[in-house]
Amino acid sequence: MPRIAVIGAGISGAAVARELARRGHEVTVVERAAAAAGTSGRGEGNVLVSDKGPGPELELSVLSRRLWSALACELREELPEPFPSIEFEAKGGLVVATTEAGARSLEEFAGAQRAVGVRADVLDRASVNELEPHLTERSTAAIHYPEDAQVQPVIATEALLASARNAGATVITGTRVSAAVRDDAGRLSGVRVESRTGRRDIIAADQVVIAAGPWSAEVSSLLGAPIPVKPRRGMVLVTTRMPHRIRRKVYDADYVGAVGSSDVDLQTSSVVESTAAGTVLIGSSREQVGFRDDFRARIVAELARKATALFPFLAGASVMRTYSGFRPYMPDHLPVIGEDPRAAGIWHATGHEGAGIGLAPATAQLLASLIDGSPAPLDASPFAPARPSLAPYLNEPYPNEVTV
Amino acid sequence: MTAFRIPPHRDAVDPTPSAPLMISVDDTPIEGVTGQTIAGVLLGADRLSWRTTSTRGARRGLFCGIGVCFDCVAEVNGERDVRLCQRRAVDGDSVRTQHDALPILVPEDRN
Numbered sequence: 001m002p003r004i005a006v007i008g009a010g011i012s013g014a015a016v017a018r019e020l021a022r023r024g025h026e027v028t029v030v031e032r033a034a035a036a037a038g039t040s041g042r043g044e045g046n047v048l049v050s051d052k053g054p055g056p057e058l059e060l061s062v063l064s065r066r067l068w069s070a071l072a073c074e075l076r077e078e079l080p081e082p083f084p085s086i087e088f089e090a091k092g093g094l095v096v097a098t099t100e101a102g103a104r105s106l107e108e109f110a111g112a113q114r115a116v117g118v119r120a121d122v123l124d125r126a127s128v129n130e131l132e133p134h135l136t137e138r139s140t141a142a143i144h145y146p147e148d149a150q151v152q153p154v155i156a157t158e159a160l161l162a163s164a165r166n167a168g169a170t171v172i173t174g175t176r177v178s179a180a181v182r183d184d185a186g187r188l189s190g191v192r193v194e195s196r197t198g199r200r201d202i203i204a205a206d207q208v209v210i211a212a213g214p215w216s217a218e219v220s221s222l223l224g225a226p227i228p229v230k231p232r233r234g235m236v237l238v239t240t241r242m243p244h245r246i247r248r249k250v251y252d253a254d255y256v257g258a259v260g261s262s263d264v265d266l267q268t269s270s271v272v273e274s275t276a277a278g279t280v281l282i283g284s285s286r287e288q289v290g291f292r293d294d295f296r297a298r299i300v301a302e303l304a305r306k307a308t309a310l311f312p313f314l315a316g317a318s319v320m321r322t323y324s325g326f327r328p329y330m331p332d333h334l335p336v337i338g339e340d341p342r343a344a345g346i347w348h349a350t351g352h353e354g355a356g357i358g359l360a361p362a363t364a365q366l367l368a369s370l371i372d373g374s375p376a377p378l379d380a381s382p383f384a385p386a387r388p389s390l391a392p393y394l395n396e397p398y399p400n401e402v403t404v
Numbered sequence: 405m406t407a408f409r410i411p412p413h414r415d416a417v418d419p420t421p422s423a424p425l426m427i428s429v430d431d432t433p434i435e436g437v438t439g440q441t442i443a444g445v446l447l448g449a450d451r452l453s454w455r456t457t458s459t460r461g462a463r464r465g466l467f468c469g470i471g472v473c474f475d476c477v478a479e480v481n482g483e484r485d486v487r488l489c490q491r492r493a494v495d496g497d498s499v500r501t502q503h504d505a506l507p508i509l510v511p512e513d514r515n
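Residue numbers (our numbering), protein chains in the order written: chain A, 1 to 404; chain B, 405 to 515.
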């Protein structure tokens, strides 16, 4: 039975571990801190099809969205109460433009998505009012994406890990990886690890999957297969709990542009939604500042201003706390899923930027089928570490210019 | 729990004598003194909880007492989500306790 070590117990590592364990592999997950302690626990739990234009990542999103529906049922059945619900909610997304130019490009964008099978309904004013009665009256266009959904990412990660354990996987937390172990023929035979208490060990593995999010740059470098993933920081504001007035994920059309941009500077666009607990989450910012997590009031002010432009009633809301997380950012804006061309036995599953929660199930299925040699659920070549668009960056030494 | 007030002559921070004030909580009048937070007035009247949780309706009052946890929120003079541990009581304040129902989740594929 092939032995596989998965580095990282975030949503990607958890999904990959579950998928591989259920296919009969002997899986060990090694996590430096705790489950969902990095990027996965510091986002909004987005499962979106709305924010991607036609292309390989949209195809991955569409597959993953379908898999999430099935997963939500499977996990509930496998992990009944008192295991908490993963709060999978098919709440739908509403993308709103507030300028005439924005309206035109949003409608074009939605048209292109519809052409490849995404549900993207153009709404008239009356329908907007019905879906989101508290939305600003100054919107110039609104597209409804009924397939957009949300999960509670920390519980979802824990549920995937619990399910992986049920299928035979072992999860080791508080332990970091230091190097790959290869036999005399150069074949991978395991990874060296060290626990927080200083205990050193070797975990036997024929294959290693690196799913360490933005920290994959460091881990992949230690394992001799450096990939150019960088942290891109995003901040979220959390309001106090309030009566439920925002029913969907509502975001301004700028968000799509910010997702696809390569700017290093701060960018913000409004993403507003309610959680199952009754708070409202207000995102989102993107900036490349390495792993710095200091508080910046300017971001809070900008996010608050843009959110109140979408929902004027939020002007009277109290912000209870803020948090930020580091999204794994790839220079060519595509996740990296597959075997490293330079180091046999080393596999990557990262670079999803802000979409990792949504894309985890499809990433796991794709990666597992590549490891198995079974038919892939979709074309894997756009995500391959050996893809041409990544080639110029693969020889960048780690640490790269944006570091701690 | 018994509320404990430092007599003015022993209060190094604010030795001026305090004047009585009156606030109402859900239309019930409660007496306090100037300088107290609204939470302080409530504790002084032996009131330990004023909010209820959404899921189980469990009682909540002061938890951290320093403005961090947001457990002690209530409506004050029409404004929601005021942390009573942070709001100085003013004579005539009208406090209403809050109970917020959980939002109803959108079930799968109802859209």
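Even for Gly, the Cβ is constructed at its ideal location relative to N, Cα and C.
Counted within 10 angstroms of its Cβ, other Cβ atoms place residue i as buried (16 or more) or exposed
i              : result
E491 (chain B) : Note that residue 491 (chain B) is Arg in the sequence shown, not Glu. R491 (chain B) should be labelled buried.
G316 (chain A) : exposed
V494 (chain B) : exposed
Q365 (chain A) : buried
I202 (chain A) : exposed
A253 (chain A) : buried
S178 (chain A) : exposed
N10 (chain A)  : This sequence places Gly at residue 10 (chain A); Asn is not what is there. Classification for G10 (chain A): buried.
A462 (chain B) : exposed
T240 (chain A) : buried
T350 (chain A) : buried
T524 (chain B) : Not covered by the structure: residue 524 (chain B). The range shown for chain B is 405 to 515.
V486 (chain B) : buried
H352 (chain A) : buried
F88 (chain A)  : buried
E77 (chain A)  : exposed
L106 (chain A) : buried
Through-space distance from residue j to residue i, alpha-carbon basis
i              : j              : result
L75 (chain A)  : A362 (chain A) : 16 Å
P411 (chain B) : V472 (chain B) : 28 Å
G469 (chain B) : D504 (chain B) : 21 Å
R292 (chain A) : R233 (chain A) : 8 Å
R484 (chain B) : Y251 (chain A) : 25 Å
C73 (chain A)  : N481 (chain B) : 45 Å
A386 (chain A) : H25 (chain A)  : 25 Å
R514 (chain B) : P146 (chain A) : Because R514 (chain B) sits at a pLDDT of 44, beneath the cut-off of 50, its placement in the model cannot be relied upon, and the point is left open.
A391 (chain A) : G278 (chain A) : 46 Å
R196 (chain A) : T175 (chain A) : 6 Å
V336 (chain A) : I155 (chain A) : 25 Å
Under 7 Å between C-beta atoms of residue i and residue j
i              : j              : result
A427 (chain A) : E158 (chain A) : Since the first and last residues shown for chain A are 1 and 404, residue 427 (chain A) lies out of range.
G93 (chain A)  : S50 (chain A)  : yes
K91 (chain A)  : Q150 (chain A) : yes
V116 (chain A) : P56 (chain A)  : no
N46 (chain A)  : G283 (chain A) : no
V27 (chain A)  : A169 (chain A) : yes
R408 (chain A) : A205 (chain A) : With chain A covering 1 to 404 only, the question about residue 408 (chain A) has no answer from this structure.
T501 (chain B) : D431 (chain B) : no
T322 (chain A) : V289 (chain A) : no
V219 (chain A) : I4 (chain A)   : no
P214 (chain A) : P231 (chain A) : yes
L281 (chain A) : E59 (chain A)  : no
A360 (chain A) : L370 (chain A) : no
Enclosing beta strand (DSSP E) for residue i [first to last residue]
i              : result
G203 (chain A) : Residue identity differs from the one stated: residue 203 (chain A) is Ile in this sequence, not Gly. Taken as a continuous stretch (DSSP letters only), the beta strand (DSSP E) holding I203 (chain A) covers R200 to A204.
A110 (chain A) : That residue, A110 (chain A), is in no beta strand (DSSP E); its alpha helix (DSSP H) goes E100 to A115.
R483 (chain B) : Checking the displayed sequence, the identity of residue 483 (chain B) turns out to be Glu instead of Arg. Residues E483 to R487.
First through last residue of the alpha helix (DSSP H) which encompasses residue i
i              : result
P56 (chain A)  : P56 to E78
G13 (chain A)  : I11 to R22
A423 (chain B) : Here A423 (chain B) belongs to no alpha helix (DSSP H), and DSSP marks it neither H nor E.
V445 (chain B) : I442 to G448
S221 (chain A) : S216 to L222
Q. Residue ranges of each beta strand (DSSP E) run of no fewer than 3 residues wholly in the segment 299 to 364 of chain A, ordered along the chain?
A. Qualifying beta strand (DSSP E) stretches, in chain order: 319 to 329, 336 to 339 and 346 to 350.
Q. Which ranges would you report for the beta strand (DSSP E) in the segment 265 to 289 of chain A if only whole runs of at least 3 residues count?
A. Those beta strand (DSSP E) runs which fall completely within the segment 265 to 289 of chain A and span 3+ residues are 267 to 274 and 280 to 286.
Q: Output the residue ranges of the beta strand (DSSP E) runs that lie fully inside the segment 160 to 196 of chain A and measure 3 residues or longer, sorted by chain position.
A: Annotation: the segment 160 to 196 of chain A contains the following complete segments of the beta strand (DSSP E) (minimum length 3 residues), in chain order: 170 to 172, 175 to 182 and 188 to 195.
Q. What alpha helix (DSSP H) runs, 4 residues minimum, are completely inside the segment 124 to 151 of chain A?
A. Runs found: 125 to 131.
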